[in-house]
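The structure appears below as structure tokens.
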Amino acid sequence: MNQEPPLKEFYFNKFEHRKPYTPLPISEFRNMMFQFLAIVALAIGALYIWWRWKYSLNLNCLWFAIPLVVAETLSFFSTIFLYVNYWSPKDRPIEEPVRFLSEIEDLRGRPDRPVRIDIHIATYNEDVELVRYTIRDSKKIRYPFDDVPVNIFVLDDGRRDGRDPSKQNMKKVAEEEGVGYFCRENNEGFKAGNLRNGLEHTQGDLFVILDADARPFDTILTATTGYFRSKKLAWVQTPQWFYDTSEPIYLKDWLTKKAGWLGRSAGWCIELIFGKVYIEEDIFGNHPEGFYDGLLRRRNFHNAAFCCGAGSIHRREAVMELAIKDYAKGVRKELKKKLEAIGHTSFTEKEILEYKRKTYLDNQLIPFKFHASEDIYTSMMLHAQGWESYEHPYVECKMLSPQDIDTWVKQRSRYAAGSLDIAFKDNPLFMKGLTLGQRMCYFSSIYSYFAPIWLIIFIFSPILFYFTLELPVKAYSFDFLKYYIPFQIFNAIAILLVNWGRTSDRSDQYYIASFWLMTLSIISVVIGKKVQFHVTPKEKSKASYLPHILPHVIIISLIVIGNIYNIFLIFQGQHPSISGYITNTFWSLFTVYNLSVMIRAAWWEEKDYDIKNPLQYNGLADFKSRLARKLKWSSIKSH
Amino acid sequence: MKITRSKDLFSKSEAFPEHSGRLYERVHYVDLKEVCFLTNSDIARLIDKVKYNLSSGIETRVINVKPEVMDQLKQLELDSIINFE
Chain Y
7 MNQEPPLKEF YFNKFEHRKP YTPLPISEFR NMMFQFLAIV ALAIGALYIW
57 WRWKYSLNLN CLWFAIPLVV AETLSFFSTI FLYVNYWSPK DRPIEEPVRF
107 LSEIEDLRGR PDRPVRIDIH IATYNEDVEL VRYTIRDSKK IRYPFDDVPV
157 NIFVLDDGRR DGRDPSKQNM KKVAEEEGVG YFCRENNEGF KAGNLRNGLE
207 HTQGDLFVIL DADARPFDTI LTATTGYFRS KKLAWVQTPQ WFYDTSEPIY
257 LKDWLTKKAG WLGRSAGWCI ELIFGKVYIE EDIFGNHPEG FYDGLLRRRN
307 FHNAAFCCGA GSIHRREAVM ELAIKDYAKG VRKELKKKLE AIGHTSFTEK
357 EILEYKRKTY LDNQLIPFKF HASEDIYTSM MLHAQGWESY EHPYVECKML
407 SPQDIDTWVK QRSRYAAGSL DIAFKDNPLF MKGLTLGQRM CYFSSIYSYF
457 APIWLIIFIF SPILFYFTLE LPVKAYSFDF LKYYIPFQIF NAIAILLVNW
507 GRTSDRSDQY YIASFWLMTL SIISVVIGKK VQFHVTPKEK SKASYLPHIL
557 PHVIIISLIV IGNIYNIFLI FQGQHPSISG YITNTFWSLF TVYNLSVMIR
607 AAWWEEKDYD IKNPLQYNGL ADFKSRLARK LKWSSIKSH
Chain U
3 MKITRSKDLF SKSEAFPEHS GRLYERVHYV DLKEVCFLTN SDIARLIDKV
53 KYNLSSGIET RVINVKPEVM DQLKQLELDS IINFE
């Protein structure tokens, strides 16, 4: 018996013991309460917006009042979209895995046979030993029927087949593991092109898409293939669970390390009031539960759960239908354009045939749209053609998350730019074939990336107040509070009911803290910059993090300076609006809380605290070394 | 194990047995006499074949197409793209 090559040690090995979250049980009562509160919140919110436009604008300061009320209105629309997304869960029962083709397709005279399943592992430049983990776990996938072939293929877009000795040899690893290997001579279409290449050479009726780091659980097929008995179901998405998110740190230990006995005492006091407090848990906000179990799962109600790439299971027939229809449409459109341009009469039949030939050859069959956000774009097209999708609520694979802010920003920027690009090219609001619910769900995904338009105004409002002492509203009166506070309370409780027992703090923080990267994405799409497909690195980036957090640092600094200035004016008895100061200070504290997460994430490094001996910690040395690493200041390094 | 794109792709189709069709005077005739249903993957391979032939200067004609298959191809709006007889 051949011995398997040993697995390389990686940083994530220490997280192997972690278990995924379990989906939230569905409660009809809770959902009814959510729907009721959502309607009440929307009604009060609409009243608030109406009151804001009609009665509250400070007419002496319209330059400030109008942008703020526009921002609030746009933000209110995003709440409406969010409620539509959350409206109701709709889980399907897990069915027995399928065995024969006739269970998932109408045979229409064809002989029946066992269904064929392929596992496609897409890779580009990741460590081949990392891919080996994914292959090994794929090989462990169980399926109850021996006559159902489950084939594993590595789709290598890095041409690491041994031709270039300077590169790792992916093909060799695939051969050692006894799985298939395909590579192509170009990177056309990036991941979508890579998947197409895989589909061209394989024959699975169902196929699983995995990324290089997406390690499947052995249940991924038994839990999901049964859904395909529904013959209009095109794909099943399973949650992408990141098992390497940052470890929480016990605050008392951290304070002890930072400030010795003084810190320990402070920690003890905090614990006395709030109980045990942990910090730095999932510092990059990668924990996916809120998105997959909250948002995407509830999109099943509208048949609008989109594909997120890795961890999805697809019906080949669905994507091939999309490819064929798109091809036919492309050919017809181009041919019409060409023939109109040249004029039919002036050319011979032979020449027209030549044009046809060229058009047929120029167009391609593309099962997954060639786009930076190929997964969401393809999903939208398939939904528009009447196909169904399903978000399976249970985690069936584990993945690696960005381990530094530079990687994180690159990944999120791609998501943002890709989604915004779809808005400009193929806006779901106007796409033929989508239902109203689907239109709203897809548009809400895109709309959320326009958030900087209102976020920037919200973020800068307190700063503008601090330095101009002008109020955008007539007064922060009872009228303001009687609409605003109930809306916020009802909204908060409604969201609480959806996320029952699950915190969304971190994702809320990042929603606001991402304003800068989303702004840059909007600009790049508006000026027509081509959206690039960057593979998310699986190792830490060495790039400087300063550009990503500089706007955050400036804003927080302005808030601090503004506060000092306003406190000075209050003590001098020269401040025109104390209530305005108090309101804006609450708002600015909320802003600081949200923006600071990204700064902390930029400074975050995995720590190996000596828990037994926390007082030995040298805070100054740690600060210097971190500064040197982050900003690459060689002068500090030398010390 | 590496496979590159080749003309053999077409032969993988379940609907078209290996080496189906006949080449005559730079026209490849694909006979669908026995075929009463094409999967989308089969159709994709047919398009692939048409394209491959075209790139080699060969025309593809699909013959003996049953009405139900023709309906299928019409539904996908391929009737003006693939030559039928």
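Here the protein sequences line up with chains Y and U, keeping their order. Residue numbers for the first sequence follow my numbering, beginning at 7 and rising by one. Residue numbers for the second sequence follow my numbering, beginning at 3 and rising by one. C-beta: ideal position from N, C-alpha, C; glycine also. All of these numbers come straight from a predicted model, not from anything done at the bench.
Between residue i and the rest of its own chain, which residues show a CB-CB distance below 8 Å, the 5 nearest in sequence each way excluded?
i        : result
Y:Ile605 : Ile555, His558, Val559 and Ile562
Y:Glu102 : Gly232
Y:Ser527 : Ser419, Ala422, Ala423, Leu426 and Tyr455
Y:Ser451 : Phe312, Ile382 and Ser425
Y:Val156 : Ile123, Asp124, Ile125, Ile147, Tyr149 and Leu227
U:Ile84  : Leu48, Ile49, Val52, Thr62, Val64 and Leu75
Y:Ile570 : none
In chain order, what residues of the same chain lie with their CB nearer than 7 Å to the CB of residue i, ignoring the 5 residues before and after it?
i        : result
Y:Phe493 : Ala47, Ile50, Gly51 and Tyr54
Y:Met437 : Met386 and Ala390
Y:Trp59  : Val75
Y:Gly625 : Legend: pLDDT at Y:Gly625 = 49, less than 50; position of this residue unreliable, value from coordinates given subsequently. Here the set comprises Lys264.
Y:Ala310 : His389, Gly443, Gln444, Cys447 and Tyr448
Y:Ala500 : Phe40, Leu43, Ala44 and Ala47
U:Lys9   : Per-residue confidence for U:Lys9 stands at a pLDDT of 34, beneath the threshold of 50, marking its modelled position as unreliable; the derived number appears in the next sentence. Excluding positions up to five away in sequence, the list reads Tyr54.
Y:Ser530 : Ala423
Can you say whether residue i is buried or exposed, counting buried as having 16 or more other CB atoms within 10 angstroms of its CB?
i        : result
Y:Leu261 : buried
Y:Gln622 : In this predicted model, Y:Gln622 has a pLDDT of only 43, less than 50, meaning its place in the structure is not dependable; the value taken from the coordinates is given anyway. Classification of Y:Gln622: exposed, given that the 10 Å Cβ count is below 16.
Y:Leu341 : buried
Y:Thr140 : buried
Y:Lys282 : exposed
Y:Asp143 : buried
Y:Arg179 : Position check: residue 179 of chain Y holds Val in this sequence, whereas Arg was assumed. Buried, by the Cβ-count rule.
Y:Ser318 : buried
Y:Asn66  : exposed
Y:Thr251 : buried
Y:Tyr17  : exposed
Y:Glu402 : buried
Y:Thr354 : exposed
Y:Asn619 : Note that Y:Asn619 has pLDDT 42, beneath the 50 cutoff, so the model's placement of it is unreliable and no number is given.
The alpha helix (DSSP H) spanning residue i covers which residue range?
i        : result
Y:Tyr587 : Ile584 to Trp609
Y:Glu109 : Neither: Y:Glu109 is in no alpha helix (DSSP H) and is coded neither H nor E.
Y:Ile555 : Leu552 to Gln578
Y:Ser33  : Taken as a continuous stretch (DSSP letters only), Y:Ser33 belongs to no alpha helix (DSSP H), as it is neither H nor E.
U:Leu75  : Pro69 to Gln77
Y:Ala378 : That residue, Y:Ala378, is in no alpha helix (DSSP H); it is neither H nor E in DSSP.
Y:Gln515 : Asp511 to Ala519
Y:Thr228 : Run containing Y:Thr228: none; DSSP gives neither H nor E here.
Y:Ser467 : Pro458 to Thr474
Y:Phe21  : Here Y:Phe21 belongs to no alpha helix (DSSP H), and DSSP marks it neither H nor E.
Y:Asn203 : Phe196 to Glu206
By the criterion of Cβ-Cβ separation under 9 Å, what are the contact partners of residue i in chain A?
i       : result
U:Asp73 : The structure shown has no chain A; the protein chains it does contain are Y and U.
Just checking my contact of residue i with residue j at CB under 8 Å: how many whole Å lie between their CB atoms?
i        : j        : result
Y:Met405 : Y:Ala272 : 37 Å between Cβ atoms; not a contact.
Y:Ile372 : Y:Arg202 : 6 Å
Y:Ala71  : Y:Ile127 : Not quite, the Cβ-Cβ distance comes to about 55 Å (not below 8 Å), so this is no contact.
Y:Ala519 : Y:Val603 : 5 Å
Y:Tyr517 : Y:Ala457 : 7 Å
Y:Phe464 : Y:Ala229 : In fact, because the Cβ distance is near 42 Å, the residues do not count as touching under 8 Å.
Pull the bridge partners of residue i from the DSSP assignment, please.
i        : result
Y:Tyr247 : The amino acid occupying residue 247 of chain Y in the given sequence is Trp; Tyr does not appear at that position. Bridge partners of Y:Trp247: Y:Lys404.
U:Arg63  : U:Tyr31 and U:Asn85
Y:His320 : Y:Phe213 and Y:Trp241
Y:Pro222 : Y:Cys403
Y:Pro99  : Note: Y:Pro99 sits in no beta bridge, so no partner.
Y:Tyr2   : No information on residue 2 of chain Y is available, as it lies outside the stretch 7 to 645 that chain Y covers here.
Y:Leu63  : Y:Val479
Y:Leu68  : Paired residues: none, contrary to the question.
Y:Pro120 : Y:Phe106
Beta strand (DSSP E) containing residue i: first to last residue?
i        : result
Y:Ala128 : Ile123 to Thr129
Y:Gly186 : Gly186 to Cys189
Y:Phe159 : Val156 to Asp162
Y:Ser395 : Glu394 to Glu397
U:Arg24  : Arg24 to Tyr26
Go through its chain and collect everything with a Cβ distance to residue i's Cβ below 6 Å, but skip five positions before and after it.
i        : result
Y:Asn369 : Tyr333, Gly336 and Val337
Y:Thr384 : Phe374 and Lys375
Y:Val200 : Rather than Val, the amino acid found at residue 200 of chain Y in this sequence is Asn. Only Ala128, Leu161 and Asp163 meet the Cβ criterion.
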